[in-house]
Amino acid sequence: MKSDAKIIIIGTAITLVVLILAIFLFYIFSTNYAKNKIVNENNNNSASDIENDVNTNKKVTLYLFRGLGCPHCEEAIEFLESIIDDYPYLEVQTLEVWHNKNNKELMDAVAENLDIEVSSSVPLIIIGDEYARRGFADGMENTIKNQIEKAYQSALYKDIVAEVLENNPDIQIHTEILSKN
């Protein structure tokens, strides 16, 4: 019986030592994890704060070359009006090209610069220098939203329409800016 008691006492002692060691290790790892998490959150906040500071004044302009009376252009305008409040950095400019030869001249110059064929095809949507699409149909909405966000987040965003206007000061255009509600 004495030997059984010794085994029980030794087993209990070993169990207590293992339990104390497990609690100690858990405490050490959880403390380090919490410290690392706080440091990472601070580092992430600093990086996002810097990014926000950089992007605070950034503006993305979406250009919609359109024709007066074009039903697809009207659908595009309705869609853009419905999302403009979701993007505080977004400006939407529409340019009528069927009755305004200067706006048509700008559309042709932008198309040439982007190496796309447009003739009088409208609507033509331009975002930066990476997104240019003719027409507007169901299913394009998410692509346009993604391109707006991509342009805003890109350090390489370039307003190709503004650049073409700068290089062609003789083109006098008439734009309408869609306003935020």
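Sequential numbering from 0 applies to the sequence shown in numbering that gives the first Met the number 0. Even glycine gets a Cβ: it sits at the ideal position worked out from N, Cα and C.
Cβ separation of residue i and residue j, assumed to be a contact under 8 Å, to the nearest whole Å
i: K57; j: E90; result: Not quite, the Cβ-Cβ distance comes to about 11 Å (not below 8 Å), so this is no contact.
i: I126; j: L61; result: 5 Å
i: Q146; j: Y130; result: 4 Å
i: S118; j: W97; result: About 12 Å separates the two Cβ atoms, so there is no contact after all.
Proximity winner among the options, relative to residue i (alpha-carbon distances)
i: E165; options: G134, A108 and L20; result: A108
i: S178; options: T93, H71, G134 and I22; result: T93
i: I124; options: I76, I7, K157 and A21; result: I76
i: C69; options: N99, D85 and V121; result: V121
i: E140; options: L24, A21, K1 and E74; result: E74
i: Y88; options: T11, K144 and R132; result: K144
i: E162; options: D137, W97 and L105; result: L105
Inter-residue Cα distance where the pair is residue i and residue j
i: E80; j: D169; result: 30 Å
i: I9; j: V16; result: 10 Å
i: T14; j: S29; result: 22 Å
i: T142; j: N102; result: 25 Å
i: I83; j: L113; result: 25 Å
i: N167; j: E111; result: 13 Å
i: K149; j: K100; result: 32 Å
i: S45; j: Y156; result: Low local confidence applies: a pLDDT of 45 at S45 is under 50, so the model's placement there is unreliable, with the coordinate-based value given in what follows. Those two C-alpha atoms are separated by around 23 Å.
i: Y86; j: I176; result: 15 Å
i: D158; j: D128; result: 6 Å
i: L185; j: A4; result: Beyond the ends of the chain as shown, which are 0 and 180, falls residue 185; an answer cannot be given.
i: T174; j: F78; result: 18 Å
i: F23; j: K1; result: 33 Å
i: I6; j: Y26; result: 30 Å
i: A21; j: G138; result: 56 Å
i: H71; j: R132; result: 13 Å
i: I172; j: A154; result: 28 Å
Contact with chain D by residue i, beta-carbon distance below 9 Å
i: P168; result: The chain inventory of the structure shown lacks chain D, comprising one protein chain alone.
With 16 other Cβ atoms within 10 Å as the buried cut-off, status of residue i
i: E95; result: buried
i: L63; result: buried
i: G66; result: buried
i: F135; result: buried
i: T11; result: exposed
i: V160; result: buried
Unbroken stretches of the alpha helix (DSSP H), 4 residues or longer, contained in the region 122-156: 140-152
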